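Everything on this sheet refers to the single structure shown next.
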Amino acid sequence: GENVEQHPSTLSVQEGDSAVIKCTYSDSASNYFPWYKQELGKRPQLIIDIRSNVGEKKDQRIAVTLNKTAKHFSLHITETQPEDSAVYFCAAKRNNDMRFGAGTRLTVKP
Amino acid sequence: NAGVTQTPKFQVLKTGQSMTLQCAQDMNHEYMSWYRQDPGMGLRLIHYSVGAGITDQGEVPNGYNVSRSTTEDFPLRLLSAAPSQTSVYFCASSLGGSFYNEQFFGPGTRLTVL
Chain H
1 GENVEQHPST
11 LSVQEGDSAV
21 IKCTYSDSAS
31 NYFPWYKQEL
41 GKRPQLIIDI
51 RSNVGEKKDQ
61 RIAVTLNKTA
71 KHFSLHITET
81 QPEDSAVYFC
91 AAKRNNDMRF
101 GAGTRLTVKP
Chain F
111 NAGVTQTPKF
121 QVLKTGQSMT
131 LQCAQDMNHE
141 YMSWYRQDPG
151 MGLRLIHYSV
161 GAGITDQGEV
171 PNGYNVSRST
181 TEDFPLRLLS
191 AAPSQTSVYF
201 CASSLGGSFY
211 NEQFFGPGTR
221 LTVL
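In order, the protein sequence lines correspond to chains H and F.
The first sequence begins at 1 in this note's numbering and counts up one residue at a time.
The second sequence begins at 111 in this note's numbering and counts up one residue at a time.
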């Protein structure tokens, strides 16, 4: 089955800096790659997603890039703010099966 | 809309007990799923359903049963609870499983098995 690896497991940045989280996947048939943000004690919420026929997608300060050949995708957050502090999960989906990475705990220091 | 709701929020079981975690959605979503979340392991898919009467296994189905008699409800049954099933359980739903649709998660159920 699909295997998703996510790095780093923890990331600490200064407010205003950029943050990058990287994921790799193993199943070349995966065709949908969402990113979720989970605040402490809360449910995961979708922040951005990308389909396999798109190389890059941007939504304000958040962007995702996908390299299908290398089977990796990345989340980019620019101008980080303290409220960006949370755990971020990447995922890869094939048909009805969604597999998640282990998560990255992002801390934005004011 | 209430979205995706789960009950109970917290539950403590003894080894060997059985129980049902409830999940309901009012968005007329076809696809529903159950995940468990353990520290350092992200979310792992237990079972999913693409519509009433149709269920299938995910990544970690052992020890769990599901059924889908209505579009709205997707309960998860623990047959004989074990300490390894201590986890936070999330139910999720989306318009269609095979399409690029956002999954909406419920608030979660924190289960402890002693």
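Beta carbons: idealized from backbone N, C-alpha and C, even for Gly.
Computed from a predicted model, the values in this text were never measured in an experiment.
Proximal residues to residue i (C-beta, below 7 angstroms), its chain only, five neighbours per side dropped
i, result
"Val-108 of chain H", "Val-13, Glu-15, Thr-80, Gln-81, Pro-82, Asp-84 and Ser-85"
"Glu-182 of chain F", "Ala-134, Gln-135 and Asp-136"
"Arg-154 of chain F", "Tyr-145, Arg-146, Glu-169 and Val-170"
"Val-223 of chain F", "Leu-123, Thr-125, Ala-191, Ala-192, Pro-193, Gln-195 and Thr-196"
Cutoff 8 angstroms; reference residue i; Cβ partners in own chain excluding five residues on either side
i, result
"Gly-103 of chain H", "Gln-6, Ser-9, Gln-38, Val-87, Tyr-88 and Phe-89"
"Arg-178 of chain F", "Met-142, Ser-159, Gly-161, Ala-162, Gly-163, Ile-164, Thr-165 and Phe-184"
Cα-Cα separation between residue i and residue j, rounded to whole angstroms
i, j, result
"Ile-156 of chain F", "Asn-111 of chain F", "26 angstroms"
"Asn-190 of chain F", "Met-129 of chain F", "The sequence as given places Ser at residue 190 of chain F; Asn does not occur at that position. Each residue's alpha carbon lies about 8 angstroms from the other."
"Ile-77 of chain H", "Tyr-174 of chain F", "38 angstroms"
"Lys-58 of chain H", "Leu-40 of chain H", "25 angstroms"
"Gly-106 of chain F", "Thr-69 of chain H", "Lying before the first or after the last residue shown, residue 106 of chain F is absent from chain F, which here runs from 111 to 224."
"Ala-19 of chain H", "Ile-47 of chain H", "15 angstroms"
"His-139 of chain F", "Phe-100 of chain H", "21 angstroms"
"Gly-152 of chain F", "Cys-201 of chain F", "14 angstroms"
Residue-level contact to chain H via CB, residue i, 8 angstroms cutoff
i, result
"Val-122 of chain F", "no"
"Leu-153 of chain F", "yes"
"Pro-118 of chain F", "no"
"Gly-218 of chain F", "yes"
"Val-223 of chain F", "no"
"Asp-166 of chain F", "yes"
Assumed close pair residue i, residue j - CB separation to whole angstroms, cut-off 8 angstroms
i, j, result
"Gln-116 of chain F", "Gln-132 of chain F", "7 angstroms"
"Ala-92 of chain H", "Tyr-25 of chain H", "4 angstroms"
Short CB-CB distance (under 8 angstroms) between residue i and chain F
i, result
"Arg-43 of chain H", "yes"
"Arg-61 of chain H", "no"
"Asp-27 of chain H", "no"
"Leu-46 of chain H", "yes"
"Phe-73 of chain H", "no"
Residue i: first and last residue of the uninterrupted beta strand (DSSP E) it sits in
i, result
"Gly-161 of chain F", "153-161"
"Ser-143 of chain F", "141-147"
"Pro-34 of chain H", "32-38"
Beta-carbon proximity list for residue i, same chain, < 6 angstroms, skipping 5 on both sides
i, result
"Thr-65 of chain H", "Glu-56 and Ser-74"
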